[in-house]
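In UniProt numbering, the protein residues as written are 13 to 346. Quick notes on the structure that follows.
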Ligand code: ADP
C-alpha cells in the first residue's frame with residue numbers, strides 16, 4: 013500500500029471510525045454540497061418523510077462514506093453499508109432490501125460496479141419501493157412482488173458518468189465532491205490531531221496539508237506517520253520542520269509526490285527529454301507495469317499539471333522540470 017494512496021488500508025479502517033465527523037456542521041469544506049444537503053435533509057425532516065435518494069460522486073478518500081453516515085445521523089435513522097462488488101446476484105440485493113426498516117439509509121459504495129440484474133432490481137426499489145422476487149426457472153418462473161418500507165439510498169461512485177442514465181435519474185439529489193483546498197485540509201488535520209491527542213502547530217499542519225493531494229484520508233494518514241516520527245525522534249510536538257523531516261523519510265515530497273511518481277517524471281525528463289514518449293516505453297524505463305504507471309502514478313501527475321497525455325505520447329510540462337530542479341533542453345530553432 014502506498015502512503016499517498018487514496019483508498020483505505022487496514023490501519024485506516026481501524027482509525028477512521030474515530031476521526032469521522034458526526035454531523036454536517038463538523039464536516040470540513042465541500043461548502044456547496046453541505047448547504048444543499050442540509051436543505052434536502054431539513055425539508056424531509058420537516059415533512060416527516062424519508063429523505064430522497066442521494067448520489068455522491070468523487071475520488072476515494074474525499075468523505076463519501078462519512079457523508080452517508082452523517083445523512084443517517086441527521087435523519088435519526090439506522091444505516092446499512094454495502095458495496096456494488098459485494099452484490100453478485102439480484103438475490104443478494106433482494107435480501108438486503110427486504111430487511112431494511114422504515115427510513116433506513118442504505119449506503120451502496122461503488123454503485124457502478126453492481127451486476128446488471130441487481131441494477132435493474134434497484135431501479136424499481138428506488139422508484140416504487142417494491143421488488144419482484146423471481147421464484148422458479150424457465151417458463152414456470154413467476155415474479156412475486158414484495159413491498160419495501162421507504163428507505164434512502166445513498167450511492168457512491170468515483171464518476172457519476174459511469175452510471176447508466178436510468179439509475180442516475182432516480183436519485184433526487186446528486187453531489188459532486190471536489191478535492192479539498194490546502195486550508196480545508198489544515199482544518200481536517202487540526203481536528204484529527206485534537207482527537208488523537210497530538211500537539212501540532214499551524215505551520216506543521218500546513219506542511220502536511222500541502223502534501224496530502226487534496227484528500228482528507230491521505231492527510232489523516234500522513235498525520236499519523238508524522239506523529240510517529242515526532243514521538244521517536246523529537247519531543248512529540250509537530251512543527252513544520254518535524255513534518256518535513258518525517259515525510260522526507262517516507263519519501264513524500266512537498267507536493268505530495270512519492271517515489272513512484274518521481275521515478276516516472278524523472279525518466280520522462282532525463283531519459284526522454286520530456287517526451288513525447290509512449291506509455292509502454294516509459295513503463296519499461298521505470299521498471300513498472302504499464303497499468304501501474306497509467307492508473308497509479310499518472311492521474312495525480314496530470315491533475316498537478318506535471319504530465320500530459322497526448323496522442324503522440326506522454327509529455328512533461330515546464331512545471332515538471334521546475335519541480336525536479338532540472339533545466340529543460342534548449343529547443344533548436346524551428
Ligand atoms: P470515501 O468514502 O470517499 O472514500 P471516507 O468518508 O471514508 O471517504 O473518508 C476518509 C477519511 O477522511 C475518514 O477518516 C474521514 O473522517 C476523513 N474525512 C473525509 N472527509 C472529511 C471532511 N470533510 N472533514 C473531516 N474529515 C473528513
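Yeah, the Cβ is synthetic: ideal placement off N, Cα and C, and Gly gets one too.
I think residue i touches residue j, with their Cβ atoms under 8 Å apart; what is that distance to the nearest whole Å?
i, j, result
"residue 75", "residue 228", "6 Å"
"residue 276", "residue 296", "Actually they are not in contact, since the Cβ atoms of residue 276 and residue 296 sit about 12 Å apart, beyond 8 Å."
"residue 210", "residue 250", "6 Å"
"residue 235", "residue 205", "6 Å"
"residue 81", "residue 32", "6 Å"
"residue 115", "residue 169", "23 Å between Cβ atoms; not a contact."
"residue 218", "residue 273", "About 21 Å; that fails the 8 Å criterion."
"residue 16", "residue 270", "5 Å"
"residue 286", "residue 328", "4 Å"
When DSSP builds the beta bridges, which residues end up paired with residue i?
i, result
"residue 120", "94, 167"
"residue 320", "327"
"residue 249", "In the DSSP output, where bridge partners are listed per residue, residue 249 has none listed."
"residue 289", "326"
Label residue i either buried or exposed according to how many other C-beta atoms from any shown protein chain fall within 10 Å of its C-beta, with 16 as the threshold for buried.
i, result
"residue 73", "buried"
"residue 42", "buried"
"residue 238", "buried"
"residue 117", "buried"
"residue 25", "exposed"
"residue 197", "buried"
"residue 182", "buried"
"residue 107", "exposed"
"residue 37", "exposed"
"residue 216", "buried"
"residue 268", "buried"
"residue 51", "exposed"
"residue 167", "buried"
"residue 279", "buried"
"residue 292", "exposed"
"residue 45", "buried"
"residue 224", "buried"
"residue 86", "buried"
"residue 164", "buried"
"residue 152", "exposed"
"residue 233", "buried"
What residue range is occupied by the uninterrupted alpha helix (DSSP H) comprising residue i?
i, result
"residue 57", "43-59"
"residue 228", "228-245"
"residue 29", "22-31"
"residue 101", "That residue, residue 101, is in no alpha helix (DSSP H); it is neither H nor E in DSSP."
"residue 78", "76-87"
"residue 195", "194-208"
"residue 177", "177-180"
"residue 220", "214-221"
"residue 273", "271-282"
"residue 39", "Counting along the chain, residue 39 falls outside any alpha helix (DSSP H), and DSSP gives it neither H nor E."
"residue 312", "310-315"
For the beta strand (DSSP E) that contains residue i, what are its first and last residues?
i, result
"residue 66", "66-69"
"residue 260", "It is not in any beta strand (DSSP E) - residue 260 instead sits in the alpha helix (DSSP H) that spans 252-261."
"residue 158", "154-159"
"residue 187", "185-188"
"residue 144", "142-147"
Does the beta-carbon distance from residue i to residue j come in below 8 Å?
i, j, result
"residue 122", "residue 97", "yes"
"residue 158", "residue 147", "no"
"residue 53", "residue 68", "no"
"residue 241", "residue 179", "no"
"residue 93", "residue 119", "yes"
"residue 290", "residue 317", "no"
"residue 4", "residue 102", "Examination of residue 4 is not possible in this model, given that the chain is present from 13 through 346 alone."
"residue 109", "residue 160", "yes"
"residue 124", "residue 208", "no"
"residue 281", "residue 338", "yes"
"residue 83", "residue 66", "yes"
"residue 1", "residue 262", "The displayed coordinates of the chain run from 13 to 346. Any statement about residue 1 would go beyond what the structure contains."
"residue 13", "residue 21", "yes"
"residue 354", "residue 255", "Since the first residue shown for the chain is 13 and the last is 346, residue 354 is missing from the structure and cannot be characterised."
"residue 230", "residue 18", "yes"
"residue 172", "residue 186", "yes"
"residue 330", "residue 340", "yes"
Kindly say whether residue i, judged by its beta-carbon, lies nearer than 8 Å to any beta-carbon of chain C.
i, result
"residue 98", "Among the protein chains of the structure shown there is no chain C, as only one such chain exists."
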